[in-house]
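Presented below is the structure to which this report refers.
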Amino acid sequence: MSTVDGVRRREVSTGRGPVTVFEMGEGPVLGCLHGMAGFVEGSALLHDLATTHRVIAPCLPGFGHTPPDPTLRTVHDWVVALSEIADATGIVGAPWLASSTSAMLALELAVVRPEAFSSLVAVAPTGLWDPADPGVDLYAVPSRDQAALLVNDLDLLGAFAADPEGLDGDELIELGVGRYVCRRTAASLVWPLPDHGLADRLRRVTAPVTLVWGADDVVVPPGYAGRFADLLPAGVVLSPIAGAAHLAELDAPGAVSDIVRTCTGN
Amino acid sequence: MKVLWFHLMPYPDLPDDFNTEHRSVWVDIDPGLFDPEVGHRAYHEYLDELEHADRCGFDGICVNEHHANAYGLMPSPNLMASVLARSTDDAAIVVMGDSLALYNPPIRVAEEIAMLDCLSGGRVIAGFPVGTPMDTCFAYGMNPLTLRERYHEAHDLIVRAWTSDEPFAFDGTYTRLRYVNPWPRPVQVPHPPIWIPGGGSVETWEWCADMDYVYSYLSYFGYKAGKGTMDGFWRRMADLGHEPNPFQAGFIQFVGVADSEVEARRIYRAPAEYFFNRCLHLYPGFADPPGYRSEATVRAGVEGMIKQAADRAADRSPGPAGRSRAGFHSTLTFDEMVEKGYVVIGSPTSVAEQLTEVAISLNVGNLMLLLQFGNMDRDLTMFNTELFADKVMPEIHGLFEDQWEHRWWPDPLPTVDRRRTGRPPGVR
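Here the protein sequences come in this chain order: B and Y. Residue numbers for the first sequence follow the working numbering, beginning at 18 and rising by one. Residue numbers for the second sequence follow the working numbering, beginning at 35 and rising by one.
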């Protein structure tokens, strides 16, 4: 395990390859699953939550620090993988915060494993489809414009949006390839439509789910919060967060961490 | 040298304001622009042109597959090939090709190519493209992450279906069949030649080398732009220990022949401008879905036809696509198309010299020529085809023939044993 600025990094084995996990803080465990841009180093949200929680944030396969897993082809494959990762990282039964595609996977896992989390703060989960309110087809937008649809403040995406200064040629190539792999993995979870049948299964998610949305989300429009709530036995919709886009946990870390603390009672 | 006549079957009546009023020729093109009566006429004229190419002595006639695309009206190349299998005599029928991942189950391709091979008496070449992202990922909804794995699995199933001596079970990742036993079987043994249309991916080069398939670089941007890709292909072939047999490579080239260069510039300007400045009006967001390019190709930074098209379209885009349609404009002039080598035009002597240079500089033994392009009408297409066949083809046909063996060409039934529409065997 290595520690930088209070962030502990370790590798865990899940039987399908190593998974990189970032941890910070002490206290009750909080599982955090990143959104479409992967784990963003220096996330203000996670550092804030670490003042009251032991934050455990695994990088899912193909998202940045964990290599892609070519056996992950279907949502079923992903649910099994997430179940293994949750076991290996020790977040089963804890409250979770999950964003976007990971929030969809968390809900899918809870369909078959209701004890996976004790509660979930779901930031703009993918997984439903309303042809009358489809949102932007993110991966049919020229790649140079995609990041700007995820957040209002591109600086918050760090290396996902722009090359850091001081890197040499090989490092820049690796960074560019890594970004591509991350986008590729996220796209595979919503292709060609984000609907994988979750609507028929959400009734089995018995843990409380708090639905959080950025008011400026054009990828999964805020209207989807009500659709999720209608299908979840214990879903609660909060007012959209002003000034935040799809990855609201990056645009509005303070607001999201306040919601998490309220939900976890910490 | 094999000289092949390639038809894209473009829709000929896109409006003059297409580029300013519509964002893309592909995927989400306005269905209201398609007039079925125009389609009726176009299909018949285009088949006439392919049949005429056979009569003029072209070695092969080529069809291909596109979806939701106004410059390529063949969602099913096999349908077009089936017409040609009955109506032509000698030319190889090159299906260039079936996008394997789009066929479910893929044995449909094994069956239909075998049907075509039987119908044509063993004249079929089976092209197996991965398919463009516009066709596969957007128009047909294939997940770009798994597209290539699906493609390779489909290829393995098809080849095994053609060559297995008995029914077998296939337990793939994407296709599971208890009984694989396609009837009919192809005339050619072990199966029709397989050609791989590609856009410059490193893996495709290596795969063609490993499988001993023909690599066909289907760039619309001519031999000058294509040289880098073909050089890369031959370098990789050499690295892998393969000989530089030019018959293992194909290349597509737009060509217009006339009695003089002045005349050629006059008569081919409009159809070329229609194709390059209207038919390639592609919304860049459809060109590069994440996962379509392999990690190795991303790393190598290789640019093929699609990437070039995306870049060209991006150059024209006013900004984030979809936010505004204003500002799309074409800046490519016909003179630039000629100067860049997108279109080879001139007198027969000049065209023969230029194509000789194309073949030798790219080391390509299968020239796939677009002698109809854009909105070129039937009369001009026939003129171009006949003049090329009479005056150009004899000058280039002999290239490479005494130096290399073409091991990737069909092996048909003897002419005396072949049948055609309503005629006894061997009667023409």
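Yeah, the Cβ is synthetic: ideal placement off N, Cα and C, and Gly gets one too.
Proximal residues to residue i (C-beta, below 7 Å), its chain only, five neighbours per side dropped
i: Gly353(Y); result: Legend: pLDDT at Gly353(Y) = 33, less than 50; position of this residue unreliable, no value from coordinates given.
i: Glu145(Y); result: Pro216
i: Leu204(B); result: The amino acid at residue 204(B) is misidentified as Leu; the sequence shows Ala. Excluding positions up to five away in sequence, the list reads Tyr156.
i: Glu79(Y); result: Arg412
i: Asp82(Y); result: Arg412
i: Arg220(B); result: Leu248 and Pro250
i: Ile276(B); result: Val138, Thr227, Val229 and Leu255
i: Gly195(B); result: Gly81
Pick from the options that is closest to residue i, judged by C-alpha positions
i: Pro231(Y); options: Leu84(Y), Pro224(Y), Tyr249(Y) and Gly91(Y); result: Tyr249(Y)
i: Asp454(Y); options: Ile127(Y), Pro224(Y), Leu252(Y) and Gly155(Y); result: For the record, residue 454(Y) in the displayed sequence is Arg; it is not Asp. Answer by Cα proximity: Gly155(Y).
i: Arg212(Y); options: Leu191(Y), Pro226(Y) and Ile228(Y); result: Leu191(Y)
i: Asp246(Y); options: Met176(Y), Thr209(Y) and Arg441(Y); result: Arg441(Y)
i: Leu396(Y); options: Asp451(Y), Pro280(Y), Thr180(Y) and Glu297(Y); result: Pro280(Y)
i: Leu404(Y); options: Ile63(Y), Leu48(Y) and Phe92(Y); result: Phe92(Y)
i: Gly482(Y); options: Glu373(Y), Ser110(Y) and Met427(Y); result: With chain Y covering 35 to 462 only, the question about residue 482(Y) has no answer from this structure.
i: Met410(Y); options: Asp369(Y), Pro44(Y) and Gly106(Y); result: Pro44(Y)
i: Pro238(B); options: Leu249(B), Pro257(B), Ala133(B) and Leu248(B); result: Pro257(B)
i: Ser160(B); options: Gly152(B), Ala179(B) and Ala149(B); result: Ala179(B)
i: His431(Y); options: Ala386(Y), Trp443(Y), Thr415(Y) and Arg452(Y); result: Ala386(Y)
i: Ser274(B); options: Phe134(B), Phe177(B), Thr143(B) and Ser116(B); result: Ser116(B)
i: Pro45(B); options: Asp170(B), Ile108(B) and Pro209(B); result: Ile108(B)
i: Thr170(Y); options: Cys96(Y), Thr197(Y), Val129(Y) and Asn103(Y); result: Asn103(Y)
i: Glu329(Y); options: Val129(Y), Glu373(Y) and Leu179(Y); result: Leu179(Y)
Partner residues on chain Y for residue i, Cβ-Cβ distance less than 9 Å
i: Arg12(B); result: Residue 12(B) falls outside the range modelled here, since chain B spans only 18 to 283, and no answer is possible.
i: Arg90(B); result: Asn177, Leu179, Thr180, Glu183, Thr207 and Tyr208
Outcome for residue i when other beta-carbon atoms lying within 10 angstroms are tallied against a minimum of 16
i: Gly282(B); result: exposed
i: Arg71(B); result: buried
i: Arg201(B); result: buried
i: Gln437(Y); result: exposed
i: Met18(B); result: exposed
i: His74(Y); result: exposed
i: Val450(Y); result: exposed
i: Pro318(Y); result: buried
i: Ala355(Y); result: Here Ala355(Y) scores only 32 on pLDDT, less than 50, and its place in the model should not be relied on; the value that follows carries that caveat. Result: buried.
i: Ile394(Y); result: exposed
i: Asn177(Y); result: buried
Proximity below 8 Å, CB of residue i to CB of residue j
i: Gly34(B); j: Asp86(B); result: yes
i: Leu174(B); j: Leu166(B); result: no
i: Ala141(B); j: Ala265(B); result: yes
i: Pro75(B); j: Val36(B); result: yes
i: Gln222(Y); j: Val392(Y); result: no
i: Asp233(B); j: Gly260(B); result: yes
i: Trp60(Y); j: Phe320(Y); result: yes
i: Glu125(B); j: Val168(B); result: no
i: Phe255(Y); j: Met402(Y); result: no
i: Phe434(Y); j: Gly399(Y); result: yes
i: Leu228(B); j: Thr118(B); result: no
i: Ala87(Y); j: Pro46(Y); result: no
i: Val222(B); j: Pro112(B); result: no
i: Ser226(Y); j: Val158(Y); result: According to the sequence displayed, residue 226(Y) carries Pro and not Ser. Closer than 8 Å, so yes.
i: Gly231(B); j: Asp170(B); result: no
Beta-carbon proximity list for residue i, same chain, < 8 Å, skipping 5 on both sides
i: Ala98(B); result: Thr31, Arg33, Leu77, Pro78, Asp86 and Leu89
i: Asp147(B); result: Gly240, Tyr241 and Arg244
i: Gln388(Y); result: Val378 and Gly380
i: Asp199(Y); result: none
Neighbouring residues, chain Y, relative to residue i (Cβ below 7 Å)
i: Ala198(B); result: It should be pointed out that residue 198(B) corresponds to Val in this sequence rather than to Ala. Those within 7 Å of Val198(B) in chain Y are Glu329.
Chain-ordered neighbours of residue i on chain B, where CB pairs are closer than 8 Å
i: Arg333(Y); result: Ile190 and Val194
Short CB-CB distance (under 8 Å) between residue i and chain D
i: Asn138(Y); result: You won't find chain D in this structure, because its protein chains are B and Y.
Interface residues of chain B facing residue i [CB-CB closer than 7 Å]
i: Asp322(Y); result: Ser160
i: Gly325(Y); result: Arg201, Ala204 and Ser205
i: Gly175(Y); result: Pro209
Beta-carbon contacts of residue i that lie in its chain and below 6 Å, excluding the five residues immediately before and after
i: Trp95(B); result: Leu89 and Leu122
i: Thr83(B); result: Val36, Thr37 and Cys76
i: Ser235(Y); result: Thr331
i: Tyr302(Y); result: Gly290 and Ile379
i: Ala251(B); result: Pro225
i: Ala67(B); result: Met41 and Gly42
i: Met427(Y); result: Val37
Contacts that residue i makes with chain B (C-beta to C-beta distance below 9 Å)
i: Pro463(Y); result: Since the displayed chain Y opens at 35 and closes at 462, residue 463(Y) lies outside it and no answer follows.
Check: residue i C-beta below 7 Å from any heavy atom of the ligand MN
i: Val372(Y); result: With respect to small molecules bound, the structure shown includes none, and the ligand MN cannot be examined in it.
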